[in-house]
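Trainee:
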Amino acid sequence: MSYQQNAFFSLSNNAIAWINKKTNGITEYFDLQDENERLAEENRKLKESQGSSFKAIEGDLYLKNDTVWKRQYRFLTANVISGTLFQDKNYFTLDRGSEDGVFNKRGVISADGIVGRIVAVSEHYSIVESVISETFSTGAYIPRTGHLGFLKWNKDPEYTLLTEVVVSAPIAIGDQVMSKDGSGYFPPDTPIGEVVEIEENEGEPYYNIKLKLKTDFTKLKRVYIVSNEYQEELMHLQKEITP
Numbered sequence: 040m041s042y043q044q045n046a047f048f049s050l051s052n053n054a055i056a057w058i059n060k061k062t063n064g065i066t067e068y069f070d071l072q073d074e075n076e077r078l079a080e081e082n083r084k085l086k087e088s089q090g091s092s093f094k095a096i097e098g099d100l101y102l103k104n105d106t107v108w109k110r111q112y113r114f115l116t117a118n119v120i121s122g123t124l125f126q127d128k129n130y131f132t133l134d135r136g137s138e139d140g141v142f143n144k145r146g147v148i149s150a151d152g153i154v155g156r157i158v159a160v161s162e163h164y165s166i167v168e169s170v171i172s173e174t175f176s177t178g179a180y181i182p183r184t185g186h187l188g189f190l191k192w193n194k195d196p197e198y199t200l201l202t203e204v205v206v207s208a209p210i211a212i213g214d215q216v217m218s219k220d221g222s223g224y225f226p227p228d229t230p231i232g233e234v235v236e237i238e239e240n241e242g243e244p245y246y247n248i249k250l251k252l253k254t255d256f257t258k259l260k261r262v263y264i265v266s267n268e269y270q271e272e273l274m275h276l277q278k279e280i281t282p
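The numbers in our numbering rise by one with no breaks, and the one at position 132 of the sequence shown is 171.
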């Protein structure tokens, strides 16, 4: 074989290897896309299978009140397009706005747990005050014991604190914490976090309880905006008795 032939075959082999590498990369990309679509479909089917709570209507998810069979919560999907994690007050921008029926003071959740609440809305976008903000607070409870408390962020994007839980409560590591929000931002029993540390405050009747948040804010991409059909009524009633 001549030098020219060797050079040609060497070049051809290199070209084939490069093409194979690119082809494999493209295949892996579409395989990943297919996997994401499969997971989204499984999530949709899981929600639909919970017939007593969820119903898919025109692309949105509706949570039904099991007692009186009236719709109470509506869920609108949205994508996170930007956000912060390490500020005293952290916010996320969503690609949904007033044109999509989004209003201020709506709760936001992920597939794993609570995210925050909407504090500003434009025609096409909305801003969410995150759970990982020093100004954010919401009611919570421990289903195993029934004890109530309030969230208070500890400036770590993976954790938060559950405060005002009485020291007589038999709290244990691993206890789950759920929403019990009297303001109606979140559906009852939306996951918040898991107890990972319990501390007593000397001279105080309450624990400081550290929670590992269910929502991973470091990779938050897709969320649900929550609309409570009775939220305005609830807030109006609460204002009547607020000093």
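Where is the CB? At the ideal position from N, CA and C, for every residue including glycine.
From which residue to which residue does the beta strand (DSSP E) around Gln215 run?
Mentor: Here residue 215 corresponds to residue number 176 of the sequence shown, with the count starting at 1. Run containing Gln215: Gln215 to Ser218, per the beta strand (DSSP E) assignment.
Trainee: If you draw a straight line from the C-alpha of Val262 to the C-alpha of Gln215, how long is it?
Mentor: One-based indexing of the sequence shown puts residue 262 at position 223. One-based indexing of the sequence shown puts residue 215 at position 176. Cα to Cα, Val262 sits roughly 21 Å from Gln215.
Trainee: List in chain order: all unbroken beta strand (DSSP E) runs of 3+ residues lying wholly within the region 148–193.
Mentor: The region 148–193 contains these whole beta strand (DSSP E) runs: 153–160, 165–169, 178–181 and 186–191.
Trainee: Could you check which residue in Lys260, Val265 and Asn267 has the C-alpha nearest to that of Thr123?
Mentor: For the purposes of this step, residue 123 is taken as the residue at position 84 of the sequence shown. It is Lys260 whose Cα lies nearest to the Cα of Thr123.
Trainee: By how many angstroms is the C-alpha of Val204 removed from the C-alpha of Tyr246?
Mentor: Along the sequence shown, one-based indexing puts residue 246 at 207. Along the sequence shown, one-based indexing puts residue 204 at 165. Distance between the alpha carbons of Tyr246 and Val204 is about 6 Å.
Trainee: Tell me, which residues are paired with Leu133 by DSSP?
Mentor: What you label residue 133 is simply residue 94 of the sequence shown in a count that begins at 1. DSSP, once it has assigned bridges, lists Val119 and Ser165 as partnering Leu133.
Trainee: Leaving out the 5 sequence neighbours to the left and right, which residues in its chain are closer than 6 Å to Glu236 when beta-carbon positions are compared?
Mentor: Mapped onto the sequence shown, residue 236 falls at position 197. So the qualifying residues of the chain are Lys249.
Trainee: In three-state terms, what does DSSP make of Thr254?
Mentor: Residue mapping note: residue 254 aligns to position 215 of the sequence shown, counting from 1. Coil.
Trainee: State buried or exposed for Arg83, treating a residue as buried only when at least 16 other CB atoms are found within 10 Å of its CB.
Mentor: Walking along the sequence shown from the start, residue 83 turns up at place 44. Low per-residue confidence applies at Arg83: pLDDT is 45, beneath 50, and the placement is therefore not dependable enough to give any value.
Trainee: Can you check whether the CB of Ala117 is closer than 8 Å to the CB of Ile231?
Mentor: In the sequence shown, the residue the question calls residue 231 occupies position 192. In the sequence shown, the residue the question calls residue 117 occupies position 78. No.
Trainee: Quick one: grab the DSSP three-state call for Ile248.
Mentor: Locating residue 248 in the sequence shown gives position 209, counting from the first residue. The answer is strand: DSSP assigns Ile248 an E or B state.
Trainee: Quick check on the DSSP output: the beta strand (DSSP E) that includes Gly232 runs from which residue to which?
Mentor: As a first step, residue 232 is located in the sequence shown; it is residue number 193 there, counting from the start. Its beta strand (DSSP E) spans residues Pro230 to Glu239.
Trainee: Alpha carbon to alpha carbon, what distance is there between Leu187 and Lys219?
Mentor: Residue numbering aside, residue 219 sits at position 180 when the sequence shown is read from its first letter. Residue numbering aside, residue 187 sits at position 148 when the sequence shown is read from its first letter. Approximately 8 Å, taken between the alpha carbons.
Trainee: List the whole-angstrom C-beta distance separating Asn129 from Ser169, where the pair is believed to meet the contact cut-off of C-beta under 8 Å.
Mentor: Translated into the one-based positions of the sequence shown, residue 129 becomes position 90. Translated into the one-based positions of the sequence shown, residue 169 becomes position 130. Confirmed, Cβ separation roughly 4 Å.
Trainee: Along the chain, where does the beta strand (DSSP E) that runs through Glu203 open and close?
Mentor: Counting from one through the sequence shown, the residue named residue 203 turns up at place 164. Residues Tyr198 to Val205.
Trainee: Nearest to Ala211 by alpha carbon, out of Pro196, Arg183, Gly178 and Asn193?
Mentor: Here the question's residue 211 lines up with position 172 in the sequence shown. Among Pro196, Arg183, Gly178 and Asn193, the Cα nearest to that of Ala211 is on Arg183.
Trainee: Less than 8 Å between C-beta atoms, sequence neighbours within five positions excluded: which residues of the same chain meet that for Phe225?
Mentor: As a first step, residue 225 must be located in the sequence shown, where it is residue number 186. Closer than 8 Å at Cβ, skipping near neighbours: Gly146, Ile148, Ile153, Thr177, Ser218 and Val265.
Trainee: Excluding the 5 residues flanking Ser172 on each side, which residues of the same chain have their C-beta closer than 7 Å to its C-beta?
Mentor: The count along the sequence shown starts at 1 and reaches residue 172 at position 133. Closer than 7 Å at Cβ, skipping near neighbours: Lys128, Asn129 and Trp192.
Trainee: Could you pull out every residue in the same chain whose Cβ sits closer than 7 Å to the Cβ of Tyr164, ignoring the five residues on either side in sequence?
Mentor: Within the sequence shown, the letter at position 125 stands for residue 164. If we look at Tyr164 and ignore the five residues flanking it on each side, its Cβ neighbours are Thr132, Leu133, Asp134 and Gly136.
Trainee: How many angstroms separate the CA atom of Asn267 from the CA atom of Leu190?
Mentor: Within the sequence shown, the letter at position 228 stands for residue 267. Within the sequence shown, the letter at position 151 stands for residue 190. Roughly 21 Å between the two C-alpha positions.
Trainee: Counting C-beta neighbours from all protein chains within 10 Å, is the total for Thr229 16 or more, i.e. buried, or is it exposed?
Mentor: The sequence position of residue 229 within the sequence shown is 190, counting from 1. Buried is the call here.
Trainee: Name the DSSP bridge partner or partners of Asn143?
Mentor: The residue labelled residue 143 in the question sits at position 104 within the sequence shown. Paired residue(s): none; Asn143 is not in a bridge.
Trainee: What is the DSSP secondary structure of Ile210, counted as helix, strand or coil?
Mentor: Translated into positions along the sequence shown, residue 210 becomes position 171. Of the three classes helix, strand and coil, the one that applies to Ile210 here is coil, per DSSP.
Trainee: Please report how far the alpha carbon of Lys194 lies from the alpha carbon of Glu162, in whole angstroms.
Mentor: For this step, residue 194 is matched to residue 155 along the sequence shown. For this step, residue 162 is matched to residue 123 along the sequence shown. If I take the Cα positions, the gap works out to 31 Å.
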